[in-house]
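A.B. asks: The structure follows.
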Amino acid sequence: MPAISKAMFDRVAGFPLAVPQTRLLPGSSVLIASVYVNPGRALRIRWLGLHVALASGADELDRIHSFYDTVYLGVFGGNFDQLNRPAGQPLLYVGVDGTGFSGNDPSSSLNLGTVGHYGLVLVNNTRSHTYECVVTGAAKLY
Amino acid sequence: MGLITDQQFDGTVDVPIHLPQTRMEAGSWMIVASIGIDALAPVEATLRWLQLRMLNGSGSVTLGLYKNFNPQVAPTSQAPTGDLLIVQATDADCSNVLGSPEFKERDFESPLTINAVTPGAGTYSWVVYASDQCTVMVMGAARLNLNPD
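What follows is the structure, encoded as structure tokens:
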């Protein structure tokens with residue numbers, strides 16, 4: 001099995017995907033990271049965790065997208081609107097329904113080698129509830 | 143000198159335990175970072191570098207790691223995993239940083255290892271608690287080995 005060379009090591013940049021405990025209002029979303037992948041490079045995400053610590057709101061849950069959890073992290077690519085509610089299918093999805101912790105499968109990784117912008121968005125998928133969320137993760141740009 | 147393989151390198155991730163300058167109210171707490179250790183996924187976390195700094199205010203600030211932390215209950219009523227970092231205000235502007243009570247770091251040479259066996263599977267959260275109104279920041283990282291032997 002090959003050892004990594006210094007040249008390869010020098011080319012890899014690791015960076016955080018993290019938000020300390022933050023209140024997310026109903027229907028809101030936050031762009032946590034936005035990365036442009038240049039030709040010949042690749043973005044790799046091996047660890048992404050979402051901890052929804054607290055929830056408050058009306059008795060009845062009003063979910064916006066019925067097929068997503070109440071709070072989710074999504075990696076979106078292409079020309080998605082980074083300042084408004086993301087649309088389309090996320091390339092990587094980590095969701096929590098209610099409160100608790102969820103993470104991506106650490107035994108696999110998301111490799112994004114197609115040139116373009118990628119964004120990590122934290123979404124409150126309800127019109128009725130406020131959540132306090134923590135995001136802990138990291139990515140590498142190869 | 144040992145070398146690491148590209149697979150080992152790919153499976154090593156440093157996740158941040160990072161709180162930028164933040165104003166905290168008296169008796170408040172917040173989760174800075176959380177990681178999940180699954181009994182079925184053999185992930186191992188190693189904590190070496192963790193620093194806590196009080197920028198101004200009064201009272202004391204505590205930073206601890208908690209397994210399955212209950213966010214509705216004060217961390218002072220829950221048992222931490224490993225030692226707490228505690229800083230104590232000694233003057234109004236906390237002007238003395240290194241070596242002063244307003245700055246604390248854990249012993250880099252004594253790593254804390256977390257895996258599904260010891261101290262066991264669960265959600266581990268780093269939580270900062272302020273006894274009085276103050277401004278704090280946290281810097282640190284946990285190294286995750288996603289392909290442990």
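If you read the sequences in order, they're chains A and B. Last residue of the first sequence: 142 in the numbering used here, with the numbers rising by one and none dropped. Last residue of the second sequence: 291 in the numbering used here, with the numbers rising by one and none dropped. Cβ atoms here follow ideal geometry from the backbone N, Cα and C, with glycine treated the same way. Just so it is clear, the structure is predicted and the values come from calculations on it, not from any experiment.
Between which two residues does the alpha helix (DSSP H) harbouring Asp156 of chain B extend?
C.D. replies: From DSSP, Asp156 of chain B is part of no alpha helix (DSSP H) but of the beta strand (DSSP E) over Thr154 to Pro158.
A.B. asks: For the candidate residues A:Lys6, A:Thr114 and A:Ala18, whose alpha-carbon lies nearest to that of Tyr36 of chain A?
C.D. replies: A:Thr114
A.B. asks: Rounded to a whole number of angstroms, what is the C-alpha to C-alpha distance between Thr164 of chain B and Val19 of chain A?
C.D. replies: 13 Å
A.B. asks: What does a CB cutoff of less than 6 Å around Arg285 of chain B pick up in its chain, not counting 5 residues either side in sequence?
C.D. replies: Asp156 and Thr188
A.B. asks: Pick helix, strand or coil for Ala7 of chain A, following the three-state DSSP scheme.
C.D. replies: Looking at Ala7 of chain A - three-state DSSP - the assignment turns out to be helix.
A.B. asks: So, for Lys209 of chain B: in the same chain, excluding its five sequence neighbours on each side, which residues have a beta-carbon less than 7 Å away from its beta-carbon?
C.D. replies: Thr223, Pro261, Gly264 and Tyr266
A.B. asks: Over the uninterrupted beta strand (DSSP E) stretch that includes Thr136 of chain A, give me the two end residues.
C.D. replies: Unbroken beta strand (DSSP E) run through Thr136 of chain A: His129 to Leu141.
A.B. asks: If we define contact as Cβ-Cβ less than 8 Å, is Thr265 of chain B a contact residue for chain A?
C.D. replies: yes
A.B. asks: Can you pull out the residues from the region 92-109 of chain A whose beta carbon lies closer than 7 Å to at least one beta carbon of chain B?
C.D. replies: Phe101, Gly103, Pro106 and Ser107
A.B. asks: What residue does the beta strand (DSSP E) around Gln21 of chain A start on, and which one ends it?
C.D. replies: Ala13 to Leu24
A.B. asks: Just tell me which of A:Gly103, A:Thr70 and A:Leu24 has its CA closest to the CA of Leu48 of chain A.
C.D. replies: A:Gly103
A.B. asks: Measure from the C-beta of Val278 of chain B to each C-beta in chain A and report whether the shortest distance is under 8 Å.
C.D. replies: no
A.B. asks: With distance defined between alpha-carbon atoms, name the residue in B:Glu186, B:Leu227 and B:Ile173 nearest to Pro162 of chain B.
C.D. replies: B:Ile173
A.B. asks: What residues are listed by DSSP as bridge partners for Phe76 of chain A?
C.D. replies: Phe76 of chain A pairs with A:Gly119.
A.B. asks: DSSP three-state call for Thr164 of chain B: helix, strand or coil?
C.D. replies: strand
A.B. asks: Between the Cα of Gly199 of chain B and the Cα atoms of B:Leu227, B:Asp152, B:Gly282 and B:Val278, which residue gives the shortest distance?
C.D. replies: B:Val278
A.B. asks: Give the DSSP bridge partners of Ser102 of chain A, in chain order.
C.D. replies: A:Leu50
A.B. asks: Find the residues of chain B that neighbour Gly137 of chain A, judging by a C-beta separation of less than 9 Å, and give them in chain order.
C.D. replies: Val155, Val157 and Pro158
A.B. asks: Just to confirm before moving on: does the CB-CB distance between Thr232 of chain B and Glu186 of chain B stay below 8 Å?
C.D. replies: no
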